[in-house]
Every structure is written in structure tokens, then in C-alpha cells.
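Below is one structure, written out as C-alpha cells, with a few remarks after it.
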Amino acid sequence: MITVRGIQELISQITAMKKDLSKPGVTVGFVPTMGFLHEGHASLMKQARNKTDIVVLSIFVNPIQFGPNEDFESYPRDEKRDLAVAEKEGVDIVFIPSVEEMYPQPTKTTIQVSGLTERLCGASRPGHFDGVTTVVAKLFNIVQPDFAFFGMKDAQQVAVLTQMVNDLNMPVTIVPCPIMRETDGLALSSRNVYLSAEERSQALSLSRSLSVAQKASEEREDITISELRNLVISEITKSPAAVIDYVEVLTFPGLQPLAEEQQLEQIQEDVIVALAVKFGKTRLIDNHRLKKVEVLSRV
Ligand code: AMP
281 MITVRGIQEL ISQITAMKKD LSKPGVTVGF VPTMGFLHEG HASLMKQARN KTDIVVLSIF
341 VNPIQFGPNE DFESYPRDEK RDLAVAEKEG VDIVFIPSVE EMYPQPTKTT IQVSGLTERL
401 CGASRPGHFD GVTTVVAKLF NIVQPDFAFF GMKDAQQVAV LTQMVNDLNM PVTIVPCPIM
461 RETDGLALSS RNVYLSAEER SQALSLSRSL SVAQKASEER EDITISELRN LVISEITKSP
521 AAVIDYVEVL TFPGLQPLAE EQQLEQIQED VIVALAVKFG KTRLIDNHRL KKVEVLSRV
């Protein structure tokens, strides 16, 4: 495994590796992350390893996707451990650029995906998705991957990036990967380290609330959107420390709101329950698709 910090060096290494493999149609798989790697990230690397010839992992805490009062400075970092995880998963190249390498001067070009970024995390974190789409577009231009692997943990991010790739004819396929959870149901996240033991235990109400919604949707054919949403909210509010940012039931990947009285079974599109909840200072997100889509885009 090679560790690379410069953009030009990364491009040269990928070119050299493609040449070394000396076979036609060598594919590059790309896993962008902010590091502090866990089994969720590892699952993306595994999929990339299975599907593509050359696996590139990036570790970059992207300042432009953080708001002024968010946790950019304190975001957990552990490069040594990350490198060990990447090595174990068979990554070929780890790209760890500095902020100066990625933004030698403040970017004057921003990619904005409208229609999908106004709700959910886009509403709570203004400018967040512009930062994500801009850095991912830059990374795609640098790495030129054939496949890029993203976790459905960040379902809105998958929807937004798929739209970007389709709208701008970027020659890359976005591969959504399932949410990895602890055995007790908590969705893996680098930010889980912020939780106290008490907050962590109360945060289990998130995955529980999604299971309640799933079960109810299986048991009652006539269940409505507002009934589903209320079930989720009442399960979460059993945890006294939970402060709900949003609980939404939307179409996926269009992220369109659904009428409250609409019955789930009458909706012809995939439906997602998405939530963001704060426990103390830590904001956690989770979601569940009541129906599933595999590959969302192919260019
Ligand atoms: P991050 O480092 O948080 O920016 O995440 C990098 C990638 O890992 C994103 O595509 C995330 O959606 C994905 N990811 C994070 N947590 C999980 C998880 N629990 N299961 C699956 N993928 C995840």
C-alpha cells in the first residue's frame, strides 16, 4: 500500500499502477472518507476491493463542508490507525492531502445541486452539501475513478452525488453501500466517540425507532406517512436526552416530501425514513429505506 499526500504524485501513481497491471480495461475504485475509520468505511473498501482492480482511499477532513460553529477543528483524527485499517482491507493507494494541497487558495468555484439539498441535513447545515459536492468533484477529477463507493448512512449525500454525476456527465458510477451498525443497532460513525456512555445508550432509540417503522410497515398495509413518522418520533422521545433535529419520510432518491395522509403501499417510489437527533453536543443521523435500490447511476 502506498501513502500519497500530493495531487500530482497521486495521479502518477495511479497511471503507473494501471500500466503495471498491463491488461485492458483496468478499473479504479474510489472510497472518499474523512478518516477515523471504522467498519462502515471498511465495508466500502471491501466492496471496492471486490469490484475494482485499483482501490484508492482518500482521507481528508474537508473544511468547506463544515459550518462556522461545527466540529472541523475537533473532528477525530488517527492517521496511524487509519493506515492499518486501509492496509488490512487491501487498499492500494491512500491519499491524505493537506488543506493547502486541496485548496491552495479559497475556491471560487462551487458545485450546488438544487432540489435535493434544501431539506434534511441541508436545512440544518447550510452550505454543507455545496462543500461535499465541490470536494467530491475535485477528488473525482484527480482520481478519475470508474466506481465510487458511498455509504447509505449518508443517504442524502448518495442522492445528491448521484444527481451531480448524472447532471454533469461525470464518467463514474456511484455505488451505494449498506449501513453498518454495532451489534446493538447503533449506526457506526466517527462521531460516536463524542458520546458519553449514557448518551450512547440513549442513542439506541434511533435504530430502534427505524425498526419500529419497518415492522409497522410490514404489519399494516394501510399505514400512512404521518403514522410512520409519529411512531419514529415517539420511540426516539422515550430517550430523555434526545433533541430531534428532523424526522422525515421522503421519496428516495428524489427526497420529495410525501402527503401526511398518503398510505405507504400506494406510493410508487422508494421511501426513506431519515432522522437527525442530538444527544448532548453530538448530532447523529440515521435512516432506513422501506424499499431498496442497488446502483443508482451508470454513465
Ligand atoms: P465520513 O468519513 O463520515 O465522511 O464517511 C465516509 C464514507 O463512509 C461515506 O460514504 C459514508 O456514508 C460512509 N459511512 C460512514 N458511516 C457508515 C456506516 N455506518 N455504514 C456504511 N457506510 C458508512
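For the sequence shown, my numbering begins at 281 and goes up steadily by one.
Virtual Cβ for every residue (Gly too), placed ideally from N, Cα, C.
Item, Value
"Cβ contact (3+ pairs, closer than 8 Å) linking the stretch 480-496 and the stretch 507-518", "yes"
"Sufficient close CB pairs (3 or more, under 8 Å) joining the stretch 473-488 to the stretch 497-504", "no"
"Three-way DSSP call (helix, strand, coil) for residue 406 in this model", "coil"
"Coil, strand or helix - residue 562 by DSSP", "strand"
"Proximity test, residue 326 beta-carbon vs the ligand HEM heavy atom, cut-off 7 Å", "The ligand HEM is absent from the structure shown, which contains only the ligand AMP."
"Check: residue 559 C-beta below 7 Å from any heavy atom of the ligand AMP", "no"
"As assigned by DSSP and simplified to three states, the class of residue 347", "coil"
"Check: residue 430 C-beta below 7 Å from any heavy atom of the ligand AMP", "yes"
"Strand pairing of residue 567, partner residues [DSSP]", "554"
"Bridge partner(s) assigned by DSSP for residue 530", "537, 552"
"Outcome for residue 364 when other beta-carbon atoms lying within 10 angstroms are tallied against a minimum of 16", "exposed"
"Reference residue 552, options 311, 309, 569, closest by Cα", "569"
"Residue ranges of each alpha helix (DSSP H) within the stretch 454-496, 4 or longer", "477-482"
"Neighbourhood of residue 538 by C-beta, 8 Å cutoff - its chain only, sequence neighbours within 5 removed", "505, 529, 530, 531, 547, 551"
"Stretch-stretch touch, CB-based, cutoff 8 Å, three pairs: the stretch 299-310 with the stretch 387-400", "no"
"Residue 468 beta carbon near the ligand AMP (any heavy atom closer than 7 Å)", "yes"
"Given 8 Å, three or more beta-carbon pairs between the stretch 412-428 and the stretch 437-450", "yes"
"Paired residues, beta bridge with residue 431 - DSSP", "457"
"Selection from 396, 330, 503, 354 that minimises the alpha carbon distance to residue 372", "330"
"Contact belief for residue 392 with residue 554 at Cβ below 8 Å, rounded distance in angstroms", "Incorrect: roughly 21 Å between the Cβ atoms, too far for contact."
"Closest residue to residue 558 among 486, 394, 446 (Cα-Cα distance)", "486"
"Residue 290 (DSSP reduced to helix, strand or coil)", "helix"
"Spatial distance of residue 290 from residue 385 (CA atoms)", "20 Å"
"For residue 375: DSSP bridge partner residues", "284, 338"
"Own chain, CB closer than 7 Å to residue 356, minus 5 neighbours either side, in chain order", "316, 470, 473"
"Near the ligand AMP: residue 401 beta-carbon under 7 Å from a heavy atom", "no"
"Nonlocal neighbours in the same chain, by C-beta distance under 7 Å from residue 301, ignoring five residues either side", "333"
"Proximity of residue 444 and residue 413 at Cβ, strictly below 8 Å", "yes"
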